[in-house]
Amino acid sequence: MQTFWIWFYNALVIPVFWTLVHIAGWFNPKVRRAIRGRQTMFDKLAADVGRLTSTRRIWFHSSSMGEFEQAKPIIAALRARFRDLNIIVSFFSPSGYDHSKNYKLADVITYIPFDSRTQARRFLDLIRPTAAVMVRYDVWPNHIWELRRRNVPTFIANATMRDNSSRFLPIVRSFHRALYNNLTAILTVSEKDVRNFRRFGISNGRLEAIGETRYDQVWQRSEDARQKHVMPPQIIRKRKVIVVGSSWPDDEEVLLPTFRKILKYDPRVLMILVPHEPTVEALDAIEMSLGQRPKSIRFSVLNDYNSEPIIVVDSVGILMSLYQYADVSYVGGSFRQGIHNVLEPAVYGIPVVYGPKHENSQEAQELVRRGGGFVVRDQQECYRTLRTLLGDDAVRSNAGAASLALVKENIGATERFVKKMEGVLKP
9 MQTFWIWFYN ALVIPVFWTL VHIAGWFNPK VRRAIRGRQT MFDKLAADVG
59 RLTSTRRIWF HSSSMGEFEQ AKPIIAALRA RFRDLNIIVS FFSPSGYDHS
109 KNYKLADVIT YIPFDSRTQA RRFLDLIRPT AAVMVRYDVW PNHIWELRRR
159 NVPTFIANAT MRDNSSRFLP IVRSFHRALY NNLTAILTVS EKDVRNFRRF
209 GISNGRLEAI GETRYDQVWQ RSEDARQKHV MPPQIIRKRK VIVVGSSWPD
259 DEEVLLPTFR KILKYDPRVL MILVPHEPTV EALDAIEMSL GQRPKSIRFS
309 VLNDYNSEPI IVVDSVGILM SLYQYADVSY VGGSFRQGIH NVLEPAVYGI
359 PVVYGPKHEN SQEAQELVRR GGGFVVRDQQ ECYRTLRTLL GDDAVRSNAG
409 AASLALVKEN IGATERFVKK MEGVLKP
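So the sequence shown is numbered by the working numbering: it starts at 9 and just counts up by one.
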């Protein structure tokens with residue numbers, strides 16, 4: 009059956025996908041950037057690989073920046089344990105590639121090529137990995153089949169599989185069975201994920217629940233972030249702080265009217281609003297929707313702060329540090345298409361509020377179950393929840409303790425993953 013799926017994928021799926029990507033490139037700047045980035049990638053990759061000094065090479069592939077955060081603790085642990093080792097990192101999306109080009113623990117950072125059989129073979133001929141690690145879900149068939157043909161041990165890190173995944177559709181399930189059975193190990197976040205992967209007919213020897221490396225990464229990042237004092241203490245002194253992380257316009261349509269109402273009852277509350285994409289257009293739209301009241305100020309001009317109740321962050325890379333000042337957090341994306349990282353605020357021991365679209369995050373669902381997370385579906389629910397959390401110290405403290413406990417209980421997946429790889433890396 010695998011022979012049929014290899015033929016089907018390369019004869020039909022790949023040509024259609026190639027055509028659709030290039031059509032999308034005419035209209036979507038991000039897709040266009042991804043196409044252009046791959047036009048010279050093999051020449052650059054050949055030059056970069058030529059400078060490598062070790063024959064032991066681990067290839068890590070992530071779809072984008074968020075998935076790569078999950079790979080970082082594994083890479084750091086491997087670096088600490090094995091001196092003679094080269095790390096090659098690839099990305100599917102231009103945003104992941106652009107944001108990670110200066111990552112110091114990788115020897116080579118590149119795009120993954122388009123998933124044709126020819127390009128997969130050319131890519132692997134160049135990097136010659138000792139082992140390969142796919143992060144989360146971005147598993148490209150021709151690369152996997154070619155890795156298996158070369159007997160390269162291949163792992164999925166932080167693997168998850170939802171009960172209602174479209175991959176369980178009858179024909180699609182058969183295809184994924186032919187794909188997943190070529191992997192050395194699928195190391196999942198939970199036992200529930202193991203059970204779901206078994207539905208593909210994958211042998212037990214390939215499946216094991218070892219936890220989520222993001223817990224290790226977020227713990228280390230919080231330790232580093234606590235050393236960065238990005239907010240002047242006089243601004244947050246005697247204030248109750250709501251930090252809104254990675255918001256989209258859909259989130260802001262609920263949050264900003266809610267906050268305006270909260271201020272009528274408690275003028276001490278301060279909102280630090282961090283848009284997911286702080287473009288000029290996004291910042292202008294937020295300020296226009298606020299009007300004259302409540303007043304806001306941009307983070308970049310905090311030297312002129314004059315008790316404005318909303319600080320709109322127009323910088324990138326500081327959200328993790330900002331969460332440390334929060335009494336309550338709100339995580340965006342959850343009124344749009346899927347929630348962003350809820351562990352970043354949870355690690356500071358604070359309640360985490362978010363909208364209804366959070367099924368993409370097991371951590372968000374677990375926070376709700378434990379009492380550290382709160383789902384709001386409209387302005388009224390958002391107002392009631394925030395008023396309770398800001399006004400009741402006991403409720404806020406108990407919720408924060410539940411958030412922190414979730415993180416602490418799940419630290420250690422990185423060490424378990426590295427032990428799984430030791431056998432293929434030792435001489």
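Glycine residues also receive a C-beta, built at the ideal position from the N, C-alpha and C atoms. Being a predicted model, the structure only gives us computed values, none of them experimental.
Span separating the alpha-carbon of residue i from that of residue j
i      : j      : result
TRP148 : PRO364 : 31 Å
PHE131 : PRO121 : 7 Å
SER337 : ASN36  : 32 Å
ARG91  : ARG65  : 12 Å
ALA290 : THR63  : 47 Å
LEU54  : ALA85  : For the sequence presented, residue 54 should be read as Ala rather than Leu. Cα to Cα, ALA54 sits roughly 27 Å from ALA85.
LEU367 : GLY379 : One detail in the question is off: residue 367 reads as Glu in this sequence, not Leu. Those two C-alpha atoms are separated by around 17 Å.
ASP232 : VAL226 : 10 Å
LYS195 : TYR188 : Before going on, a small fix: residue 195 reads as Leu here, not Lys. One C-alpha to the other measures close to 12 Å.
LEU394 : LEU264 : 12 Å
LEU278 : ALA79  : 34 Å
ASN18  : SER124 : 7 Å
TRP332 : VAL355 : The sequence as given places Gln at residue 332; Trp does not occur at that position. Between GLN332 and VAL355, the C-alpha separation is close to 9 Å.
ALA186 : TRP13  : 7 Å
TYR391 : ASN110 : 42 Å
TRP153 : ASP224 : 31 Å
LEU506 : ILE82  : What the structure shows of the chain is the stretch from 9 to 435, and residue 506 is not part of that stretch, so it cannot be assessed.
GLN99  : GLN370 : Here residue 99 turns out to be Phe, not Gln, going by the sequence shown. If I take the Cα positions, the gap works out to 24 Å.
ILE250 : LEU134 : 49 Å
ILE117 : PHE25  : 25 Å
ALA402 : SER304 : 30 Å
VAL202 : LYS112 : 33 Å
ILE326 : ALA140 : 31 Å
LEU398 : LYS248 : 7 Å
ARG157 : ALA409 : 49 Å
VAL252 : ALA42  : 30 Å
SER101 : TYR119 : 8 Å
HIS284 : THR11  : 43 Å
ARG276 : LYS269 : 13 Å
GLU417 : VAL432 : 29 Å
Bridge-paired residues (DSSP) for residue i
i      : result
ARG306 : VAL320
LEU461 : Because the chain is modelled from 9 through 435, residue 461 falls outside the range shown and cannot be assessed.
LYS248 : VAL277
ALA140 : TRP67, THR162
ALA167 : THR196
ASN94  : ARG65
GLY253 : VAL282, VAL339
Residue interval of the alpha helix (DSSP H) (run including residue i)
i      : result
ALA233 : 221–233
ASN204 : 199–206
ILE194 : No alpha helix (DSSP H) holds ILE194; the beta strand (DSSP E) holding it covers 193–196.
THR61  : Counting along the chain, THR61 falls outside any alpha helix (DSSP H), and DSSP gives it neither H nor E.
LEU412 : 401–417
MET73  : 73–89
HIS237 : Looking at the DSSP string, HIS237 is not in any alpha helix (DSSP H), and its letter there is neither H nor E.
PHE176 : Careful: PHE176 lies outside any alpha helix (DSSP H) and carries neither H nor E.
LYS427 : 421–433
GLY45  : 37–47
Limits of the unbroken beta strand (DSSP E) element including residue i
i      : result
TRP153 : Element bounds for TRP153: not the beta strand (DSSP E) but the alpha helix (DSSP H), 149–157.
LEU215 : 215–217
In the stretch 323–389, which residue ranges form an unbroken alpha helix (DSSP H) of at least 4 residues, counting only runs that do not cross its ends? 327–330, 351–354, 370–378
Measuring CB atoms only, is the stretch 197–210 touching the stretch 170–184, in the sense that at least three cross pairs come out at less than 8 Å? yes
Pairs of beta-carbons, one from the stretch 136–154 and one from the stretch 68–84, closer than 8 Å: are there three or more? yes
Start-end ranges of the beta strand (DSSP E) lying completely within the stretch 267–302, minimum 3 residues: 277–283
Flag this pair as touching only if the stretch 25–39 and the stretch 159–172 have three or more C-beta atom pairs under 8 Å; answer yes or no. no
At 4 residues or longer, what runs of the alpha helix (DSSP H) sit wholly inside the stretch 96–135? 102–108, 125–135
Pairing CB atoms from the stretch 419–428 with CB atoms from the stretch 219–227, are three or more of them under 8 Å? yes
Does the stretch 343–355 come close enough to the stretch 309–324 that 3 or more CB-CB pairs lie under 8 Å? no
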